Each structure stands twice: as structure tokens, then as C-alpha cells.
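Everything below concerns the one structure shown next.
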Amino acid sequence: MARLSERTVSGIGASLKVLRDRETGTAEFRGATRELCALLMRELQALLSERGVVKEPVLIIILRAAIAFLDSATRIFPDAPVGVFGIRRDPRTKRPHWYYENLPPISKKSVIVVLDPMLATGGSAKAAVSRLILRDADPKSIYFVGVIAAPEGLSRLARYIPRENIVLAATDKRLDAYGMIVPGLGDLGDRYFGYDDSPAFPERRTRKKN
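If you read the sequence shown in our numbering, its first letter stands for residue 20, the second for the next number, and so on.
Spelled out as C-alpha cells, the structure:
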């Protein structure tokens with residue numbers, strides 16, 4: 020996993036504290052997510068510069084949660100083409116289900132950055148990387164940027180791209196029986212888009228009904 024600068028680690032800690040708090044409201048959650056995404060994208064920019072990469076990468080967002088990365092990513096890389104993968108995890112089988120794909124031209128010379136905040140089982144990330152490799156991408160030139168990972172997801176993704184190409188804010192303890200990261204921060208997509216009835220927080224649904 021890519022090593023983060025001390026300055027970034029300090030900023031990440033403050034943002035993660037807000038994101039992990041179950042009582043954080045939508046506006047504050049979105050703000051902390053944007054701040055954290057900006058820190059991670061700057062770390063990626065520094066990593067690419069350190070490796071002599073001068074051209075703009077191809078950015079790939081995995082719907083829906085990775086939309087949170089898009090503003091920060093395109094500010095850091097203003098001329099980068101953006102591709103979109105629609106991948107939904109089946110709640111029963113936990114396997115990725117494809118429902119959308121729209122990619123710019125990809126070649127062996129492309130530097131590609133896959134954006135997805137939560138790396139849980141690693142199924143969606145693995146599916147995205149595998150699809151890019153089928154499109155002629157070089158695995159050594161594929162990077163992944165996320166907020167939180169479970170060890171299971173990180174290990175799975177590292178079988179397909181170099182571990183040092185993976186930029187994360189934190190690696191948590193484990194997955195629960197539902198494939199959710201523990202301790203995690205709930206479902207980032209649901210919280211970012213303001214879904215108070217997220218299945219990640221069943222007690223909120225109870226409060227809402229009473």
C-alpha cells in the first residue's frame with residue numbers, strides 16, 4: 020500500500036473521525052468526504068510525480084459512491100478523461116453485478132486511476148481492474164484510490180495490481196457477515212447521498228418510524 024505523508028495522515032485522522040461518527044449529518048459528512056478525497060488525490064498526484072508520470076491519468080469512477088471523488092479528482096487532474104463503471108454488489112451473493120460501462124480509449128500506455136471509496140470484499144474493484152486489463156490496460160499502470168479497506172479486499176485487489184499502487188486512508192479490522200467493513204463508517208454512498216434509512220444503520224429506520 021502506498022505510504023502517506025505525515026501531513027496527509029494528520030488531515031485524514033480528523034476527517035475519518037467525522038465520517039465514522041454515526042450521528043454526523045449529511046452536510047457535514049459530505050464536507051468531510053470531500054476533504055478526505057482531496058487529501059488522497061494529492062497523495063496520488065505526488066506518487067505519480069515521484070514515478071515520473073507526467074501525462075494526465077484516465078480516471079475511472081465506480082458508481083455510485085465514487086461520485087464523491089470526482090470533484091477533487093478533476094481539480095487535481097483537470098484534463099483527465101473520465102470513465103464510468105456501474106457495478107452493484109448483490110446483497111445475497113456479495114458478487115459484483117454490472118449494469119453500466121462508458122470508457123474513454125484505453126491502451127497499454129494509459130495510466131489509469133480507479134476510484135471507489137470502500138474496498139470491502141474487493142469484488143467490485145477486482146471486476147473493474149479485470150475489465151480494464153481486457154481493454155489492454157497494463158496492470159502495473161493501474162492505481163486504486165479509496166477511503167477505507169478491509170484486509171480481505173486489499174489482499175484480493177493486490178493480486179491484480181501492485182500493492183504500492185493502492186492509496187487508502189485506512190485499513191480496518193475485518194468484514195462482518197454482511198460483507199460490511201468493521202468498524203468502517205457505514206455505507207458511504209447512502210450517507211453521502213443523504214439516505215437516512217441506510218441498511219448500515221438499522222436503528223435510524225426505527226427512529227424514523229416512531
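C-beta atoms are modelled at their ideal positions from N, C-alpha and C, and glycine is treated no differently.
Since the model is a prediction, treat every value here as computed from it, not as a measurement.
- Inter-residue distance for PRO110 and GLY172 is about 16 Å (C-alpha atoms, whole angstroms).
- With respect to ILE200, ASP191 sits close: the two C-beta atoms are nearer than 8 Å.
- Counted as a single uninterrupted DSSP element, the beta strand (DSSP E) harbouring TYR118 occupies residues 115 to 121.
- For ARG175, there is no enclosing beta strand (DSSP E); the residue is part of the alpha helix (DSSP H) that begins and ends at 170 to 176.
- Of GLY213, TYR197, VAL164, the smallest CA-CA separation from ALA189 is found for VAL164.
- The beta strand (DSSP E) runs of length 3 or more contained entirely in the stretch 80 to 118 are, from start to end of the chain, 101 to 108.
- ARG182 has its alpha-carbon roughly 20 Å from the corresponding atom of CYS56.
- Assignment of GLY213 by DSSP, reduced to helix, strand and coil, places it in the coil class.
- Shortest Cα-Cα distance from GLY105 to any of ASP98, LYS113, ILE95, ASN121 involves ASN121.
- Per DSSP, the unbroken beta strand (DSSP E) holding ALA188 starts and ends at 185 to 190.
- Spatial neighbours of ALA51 in its own chain (CB-CB distance under 7 Å, excluding positions within 5 residues in sequence) are listed in chain order as SER34, VAL37, LEU38.
- Of the residues GLY205, ASN184, ASP206, TYR214, the one whose Cα lies closest to the Cα of GLU69 is ASN184.
- Per the C-alpha coordinates, the member of ARG107, ASP155, PRO115 positioned closest to PRO124 is ASP155.
- Nearest in C-alpha terms to LYS74, of all of VAL28, GLY198, ASP98, ALA168, is ASP98.
- Restricting attention to alpha helix (DSSP H) runs no shorter than 4 residues, the stretch 30 to 55 encloses none.
- Around the C-beta of ASP90, fewer than 16 other C-beta atoms lie within 10 Å, and the residue is accordingly described as exposed.
- In the DSSP assignment, the residues bridged to VAL132 are LEU78, TYR162.
- Of the other Cβ atoms in all chains shown, 16 or more fall within 10 Å of the Cβ of ASP135; this residue is therefore buried.
- Secondary structure of LEU153 (DSSP, three-state): helix.
- At a Cβ-Cβ threshold of 8 Å, TYR211 and ALA92 do not count as neighbours.
- Secondary structure of LEU194 (DSSP, three-state): strand.
- Counting of Cβ neighbours within 10 angstroms places THR140 among the buried residues, the total reaching 16 or more.
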